[in-house]
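Line by line, the protein sequences are chains Y and E.
In terms of the numbering used here, the first sequence is residues 4 to 238.
In terms of the numbering used here, the second sequence is residues 4 to 238.
Have a look at the structure below before the remarks.
There are 2 protein chains.
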Amino acid sequence: MRYELYYWPEIQGRGEFVRLVLEDADCAYVDVTREPGGEERLEAVLSGERDGVLPFAPPVLCAGKLVVAQTAAITRFLGERHGLAPSDEVGRLGAATIALTIADLVAEAHDTHHPTSVELTYERQAAAAKERASAFRRTRIPKFLGYLERNLERNGDVLVGREVSYADLAAFQIVEGLSYAFPRAMAKATQATPKLLALRDRVAQRPRLLHYLTSPRRLAFNEQGIFRHYPELDG
Amino acid sequence: MRYELYYWPEIQGRGEFVRLVLEDADCAYVDVTREPGGEERLEAVLSGERDGVLPFAPPVLCAGKLVVAQTAAITRFLGERHGLAPSDEVGRLGAATIALTIADLVAEAHDTHHPTSVELTYERQAAAAKERASAFRRTRIPKFLGYLERNLERNGDVLVGREVSYADLAAFQIVEGLSYAFPRAMAKATQATPKLLALRDRVAQRPRLLHYLTSPRRLAFNEQGIFRHYPELDG
Numbered sequence: 004m005r006y007e008l009y010y011w012p013e014i015q016g017r018g019e020f021v022r023l024v025l026e027d028a029d030c031a032y033v034d035v036t037r038e039p040g041g042e043e044r045l046e047a048v049l050s051g052e053r054d055g056v057l058p059f060a061p062p063v064l065c066a067g068k069l070v071v072a073q074t075a076a077i078t079r080f081l082g083e084r085h086g087l088a089p090s091d092e093v094g095r096l097g098a099a100t101i102a103l104t105i106a107d108l109v110a111e112a113h114d115t116h117h118p119t120s121v122e123l124t125y126e127r128q129a130a131a132a133k134e135r136a137s138a139f140r141r142t143r144i145p146k147f148l149g150y151l152e153r154n155l156e157r158n159g160d161v162l163v164g165r166e167v168s169y170a171d172l173a174a175f176q177i178v179e180g181l182s183y184a185f186p187r188a189m190a191k192a193t194q195a196t197p198k199l200l201a202l203r204d205r206v207a208q209r210p211r212l213l214h215y216l217t218s219p220r221r222l223a224f225n226e227q228g229i230f231r232h233y234p235e236l237d238g
Numbered sequence: 004m005r006y007e008l009y010y011w012p013e014i015q016g017r018g019e020f021v022r023l024v025l026e027d028a029d030c031a032y033v034d035v036t037r038e039p040g041g042e043e044r045l046e047a048v049l050s051g052e053r054d055g056v057l058p059f060a061p062p063v064l065c066a067g068k069l070v071v072a073q074t075a076a077i078t079r080f081l082g083e084r085h086g087l088a089p090s091d092e093v094g095r096l097g098a099a100t101i102a103l104t105i106a107d108l109v110a111e112a113h114d115t116h117h118p119t120s121v122e123l124t125y126e127r128q129a130a131a132a133k134e135r136a137s138a139f140r141r142t143r144i145p146k147f148l149g150y151l152e153r154n155l156e157r158n159g160d161v162l163v164g165r166e167v168s169y170a171d172l173a174a175f176q177i178v179e180g181l182s183y184a185f186p187r188a189m190a191k192a193t194q195a196t197p198k199l200l201a202l203r204d205r206v207a208q209r210p211r212l213l214h215y216l217t218s219p220r221r222l223a224f225n226e227q228g229i230f231r232h233y234p235e236l237d238g
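As structure tokens, this is what we get:
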């Protein structure tokens, strides 16, 4: 089955969590908006061209009659279908729990540069952004990373189950994204999370992911995405 | 199987989305923190007393070896297990998509009174709150409610599938919560969403839910919860 991924063409953003699963699982897929006419096709999917559930926002994954949006729902679906999730129910619910917690952290990272309105530019809300980013660096990053670290201390080399799952790929990506956006804060926070850094490194060396991460398909982080580096927000 | 729900004892909050599913599905459950010694048991679960995945925050559902946190993961699990979810995969992914979108709306509703830091009181961030709430009322409420309305226009009397699912119960609760917090904005916004209001009314009349909603188990909304009524944030 060939998947169609619909996401913005110029950023990693939330779509990257899906791309990592598709790449690591060696799924056949089209990153639709990076093809000619793709952005119009994204608009058509968002306006309900397909039968079934309407997506609120990208990323959206389609395959035949199947339409699923929301990063954590897409990665869970792909992970469970393609060997990147535990096979037992307790493990599957554990992976879903962790992936959704990482999704919350992604949303909080986004809101550091858009604390009051998604409609306005960062520059128009820079004062509130500074406040929110300060709290994010001081309390939220350590709390979330500590949470992942403690799961690794309890479970072993991976966050849940015995093999790498989509939750581990999400942990890799959140560490990468936050390290781009908040290099100073992350240099400090990750001193307390050696197991998380080791997981990040192991994930990055998985053959298919290594191939992907060094390919032109892996977009660079930038200041249109969710993880933005504004030095004034990094303390 | 008897479920244990762990959530804060004095607010509806995110726990209420879980309670509604447990009540409508007639599950045997204990709302642990409302029992003697319950808050200590919540602390124990949050600090990892149980084997398996560590929860980041309440709500947490436990049953035997099973531990699952994150509202959307819990309600999906319960819905699929107890007849409050479509039985086919396309429908299940549709329900997950909608429930996660409602979870995003819940987070945005929370951030109207806590736009810069979860550690500080509302009063300490009231200026940014006013900005965020204004954008929330003007653009986000209409966008999210319009999204639910369009799904109903496409699908019929319920959001997904042919029977009421946990996604419909979540839609009921978000309309109730937002109507408490933003009565003026909601009176205006819901003029454009007659099908959503009709769904809200039908859900409220489901016999088990009606029984629950009129019982002392249903807590009142208040200003410690996620949906808070601050008149100055309602325009």
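Even for Gly, the Cβ is constructed at its ideal location relative to N, Cα and C.
Helix, strand or coil: which one does DSSP assign to residue i?
| i | result |
| --- | --- |
| Y/Tyr-6 | strand |
| E/Asp-34 | strand |
| Y/Asp-63 | Note on residue identity: the sequence assigns Val, not Asp, to residue 63 of chain Y. Y/Val-63: strand per DSSP, three-state reduction. |
| E/Leu-162 | coil |
| E/Pro-210 | helix |
| Y/Ala-170 | helix |
| E/Tyr-233 | coil |
| Y/Asp-204 | helix |
| Y/Glu-46 | helix |
| E/Thr-217 | coil |
| E/Gln-15 | coil |
| Y/Phe-175 | helix |
| Y/Val-24 | helix |
| Y/Arg-53 | coil |
| Y/Ala-223 | coil |
| Y/Thr-196 | coil |
| Y/Pro-58 | coil |
| E/Pro-186 | helix |
| E/Gly-180 | helix |
Using the C-alpha atoms, what's the distance from residue j back to residue i?
| i | j | result |
| --- | --- | --- |
| Y/Thr-119 | Y/Phe-139 | 15 Å |
| Y/Leu-200 | Y/Arg-187 | 15 Å |
| Y/Thr-193 | E/Asp-34 | 36 Å |
| Y/Val-63 | Y/Phe-20 | 12 Å |
| E/Val-24 | E/Val-167 | 11 Å |
| Y/Ala-132 | E/Ala-223 | 33 Å |
| Y/Leu-96 | Y/Ile-144 | 24 Å |
| Y/Gln-73 | Y/Ala-136 | 25 Å |
| E/Asp-29 | Y/Val-93 | 22 Å |
| Y/Gln-156 | Y/Ala-170 | Checking the displayed sequence, the identity of residue 156 of chain Y turns out to be Glu instead of Gln. Roughly 15 Å separates the two Cα atoms. |
| Y/Trp-16 | E/Gln-227 | It is Gly, not Trp, that sits at residue 16 of chain Y in the sequence shown. Looking at the two C-alpha atoms, the distance is approximately 33 Å. |
| Y/Arg-205 | Y/Ala-98 | 18 Å |
| Y/Arg-141 | E/Asp-54 | 29 Å |
| E/Gly-1 | Y/Gly-41 | What the structure shows of chain E is the stretch from 4 to 238, and residue 1 of chain E is not part of that stretch, so it cannot be assessed. |
| E/Met-4 | Y/Ala-110 | 35 Å |
| Y/Leu-87 | E/Gly-86 | 27 Å |
| E/Asp-160 | Y/Lys-198 | 49 Å |
| E/Met-189 | E/Ala-207 | 18 Å |
| Y/Glu-235 | E/Ala-130 | 21 Å |
| Y/Glu-2 | Y/Gly-180 | Given a span of 4 to 238 for chain Y in the structure shown, any question on residue 2 of chain Y remains unanswerable. |
Give a yes or no on whether the C-beta atoms belonging to residue i and residue j are separated by under 7 Å.
| i | j | result |
| --- | --- | --- |
| E/Arg-2 | E/Tyr-215 | Because residue 2 of chain E is not part of the residues shown, which for chain E are 4 to 238, the question remains open. |
| Y/Ile-14 | Y/Ile-105 | no |
| Y/Lys-71 | Y/Phe-59 | Looking at the sequence itself, residue 71 of chain Y is Val, so the reference to Lys does not match. Their beta carbons are not under 7 Å apart, which means Y/Val-71 does not touch Y/Phe-59 by this criterion. |
| Y/Arg-37 | Y/Pro-12 | yes |
| E/Asp-107 | E/Phe-185 | no |
| E/Glu-76 | Y/Thr-124 | Glu is not the amino acid found at residue 76 of chain E; the sequence shown has Ala there. No. |
| E/Arg-211 | E/Glu-26 | yes |
| Y/Arg-153 | E/Leu-69 | no |
| E/Glu-7 | E/Cys-65 | yes |
| E/Tyr-9 | E/Val-48 | yes |
| Y/Pro-89 | Y/Gly-164 | yes |
| E/His-117 | E/Tyr-183 | no |
| Y/Phe-230 | Y/Arg-203 | no |
| E/Ala-173 | E/Ala-112 | no |
| Y/Thr-196 | Y/Leu-148 | yes |
For this session: Pull out every residue of the stretch 127 to 161 of chain E whose Cβ sits closer than 7 Å to any Cβ of chain Y, in chain order.
Result: With the criterion set as a beta carbon lying under 7 Å from some beta carbon of chain Y, the members of the stretch 127 to 161 of chain E are Ala-131, Glu-134, Arg-135, Ala-138, Thr-142, Tyr-150, Arg-153, Asn-154 and Arg-157, in sequence order.
Go through the stretch 68 to 156 of chain E residue by residue and report every complete run of the beta strand (DSSP E) that reaches 3 residues or more, in order. The stretch 68 to 156 of chain E contains these whole beta strand (DSSP E) runs: 69 to 72.
Problem set entry | Against chain E: residues of the stretch 184 to 216 of chain Y by CB proximity under 9 Å | Flagged: no residues at all.
Worksheet entry | Members of the stretch 23 to 53 of chain E that neighbour chain Y once the beta carbon cut-off is set at 9 Å | For the stretch 23 to 53 of chain E, which is checked against every Cβ of chain Y, the residues closer than 9 Å are Gly-51.
Beta carbons nearer than 7 Å to chain Y: which residues of the stretch 72 to 91 of chain E have them? For chain Y, the residues of the stretch 72 to 91 of chain E that bring a beta carbon within less than 7 Å of one of its beta carbons are Ala-72, Gln-73, Ala-75, Ala-76 and Phe-80, in chain order.
The stretch 113 to 124 of chain E: which residues have C-beta closer than 9 Å to a C-beta of chain Y, in chain order?
-> Taking 9 Å as the upper bound on Cβ-Cβ separation, chain Y lies near residues Asp-114, Pro-118, Thr-119, Ser-120, Val-121, Glu-122 and Leu-123 of the stretch 113 to 124 of chain E.
Interfacial residues, the stretch 170 to 182 of chain E to chain Y, with Cβ spacing under 7 Å = If the cut-off is 7 Å between Cβ atoms, the stretch 170 to 182 of chain E has nothing near chain Y.
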